[in-house]
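Okay, structure first, notes after.
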Amino acid sequence: MHSFLTTLAADEMLKTKAHAALLESYEDRTRQTIAYLMAIRPSLKVTVGALVDPKAPTLAATDAAFDAIVVSEETVPGAQAINDHRALLGLEALAVIVVPVLSGRSQQDKLSSTELLVAIASRTEERARAYAGEVGLPSVRLHGSYASLLEDAEVDAVYIPLPTTLHVEWAVRAAAAGKHIVLEKPIAHTREDLATILSAATRAGVVLVDGTMWSHHPRERRMRELLEG
Numbered sequence: 001m002h003s004f005l006t007t008l009a010a011d012e013m014l015k016t017k018a019h020a021a022l023l024e025s026y027e028d029r030t031r032q033t034i035a036y037l038m039a040i041r042p043s044l045k046v047t048v049g050a051l052v053d054p055k056a057p058t059l060a061a062t063d064a065a066f067d068a069i070v071v072s073e074e075t076v077p078g079a080q081a082i083n084d085h086r087a088l089l090g091l092e093a094l095a096v097i098v099v100p101v102l103s104g105r106s107q108q109d110k111l112s113s114t115e116l117l118v119a120i121a122s123r124t125e126e127r128a129r130a131y132a133g134e135v136g137l138p139s140v141r142l143h144g145s146y147a148s149l150l151e152d153a154e155v156d157a158v159y160i161p162l163p164t165t166l167h168v169e170w171a172v173r174a175a176a177a178g179k180h181i182v183l184e185k186p187i188a189h190t191r192e193d194l195a196t197i198l199s200a201a202t203r204a205g206v207v208l209v210d211g212t213m214w215s216h217h218p219r220e221r222r223m224r225e226l227l228e229g
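Numbering (my numbering), first residue to last: 1 to 229.
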């Protein structure tokens, strides 16, 4: 069984944040974190610690039982500081595993436990190739048109970041091709356009998700409660 320790900011550390009243409690954040990690690996032993003083050494810096630390690229200096503190205590350095956050730099990077990025489309294949090189995806298939991408049998879902004026056309065509859809915000300019997109997804039996993360966040529900109260 693998053990995993994650540290969350304690409630007292967030009191000075703007709109602190809208932030989830430490207990709620702990439950959500454990549920997320267990969904990825049910056999994982998850321990959650509270970060009260950001300047104080973390458990990873003082516990000999740890052998590795997972960090984002932005927090590599923090991992180095942890290893510096372990050295002062005579402890072995932790292996530092760097995971890009929401990045497409490698075909192995995933936004979910089942996602695999297999193709990129643009108005020309040259533009698709240039973007793939920019974000570090040399192995994905390149399509010189959006229609070509929709014909790709290995594509199960598409992300459509096109201008809103093109959403109806390409969301409807994606649904007709049997592709699940993540549609960037705003999803449509008018109610009529939205109805057309929803109808196409329903008719094709595909999942349609908008790109407005905030609308799906617990803070948004709390804001609604405050506004309606």
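Here a beta-carbon is modelled for each residue, glycine too, at the ideal position from N, C-alpha and C.
Note that the structure is a prediction, hence the values are computed from the model and not measured.
Would you mind giving the Cβ-Cβ distance between residue i and residue j, rounded to the nearest angstrom? I have them listed as a contact below 8 Å.
i: S3; j: T47; result: 7 Å
i: A68; j: L94; result: 6 Å
i: V118; j: E154; result: 5 Å
i: L51; j: R29; result: With 8 Å as the limit, L51 and R29 do not qualify as a contact, their Cβ atoms being about 11 Å apart.
i: I181; j: A195; result: Actually they do not touch by this definition, with Cβ atoms about 15 Å apart.
i: A56; j: I82; result: Incorrect: roughly 12 Å between the Cβ atoms, too far for contact.
Quick check: what's the CA-CA separation for residue i versus residue j?
i: I120; j: A39; result: 28 Å
i: L44; j: L5; result: 10 Å
i: V96; j: Q80; result: 8 Å
i: L149; j: A10; result: 46 Å
i: V168; j: A174; result: 10 Å
i: E49; j: A204; result: In the sequence under discussion, the amino acid at residue 49 is Gly, which differs from the Glu named in the question. C-alpha separation (whole angstroms): 45 Å.
i: H143; j: K179; result: 16 Å
i: E134; j: L116; result: 18 Å
i: A176; j: K15; result: 49 Å
i: T212; j: H189; result: 15 Å
i: T75; j: H85; result: 16 Å
i: I34; j: I197; result: 35 Å
i: R31; j: P77; result: 28 Å
i: S25; j: S122; result: 43 Å
By the three-class DSSP mapping on this structure, what secondary structure does residue i have?
i: D63; result: coil
i: R203; result: helix
i: D156; result: coil
i: G136; result: coil
i: V52; result: coil
i: A39; result: helix
i: I34; result: helix
i: I187; result: coil
i: L23; result: coil
i: T47; result: strand
With respect to the beta strand (DSSP E) encompassing residue i, which residues constitute its N-terminal and C-terminal limits?
i: S3; result: 3-9
i: V98; result: 95-98
i: V70; result: 68-71
i: R141; result: 141-143
i: L14; result: Where L14 is concerned, there is no enclosing beta strand (DSSP E), given that its DSSP letter is neither H nor E.
i: L116; result: Element bounds for L116: n/a, residue is neither H nor E.
Going by DSSP, what residue range makes up the alpha helix (DSSP H) through residue i?
i: H85; result: 76-88
i: L149; result: 146-150
i: V172; result: 167-176
Using a Cβ-based criterion (distance less than 8 Å to any ligand heavy atom), does residue i qualify as near the ligand NAD?
i: G211; result: In the structure on display, the ligand NAD does not appear, and there are no ligands present to speak of.
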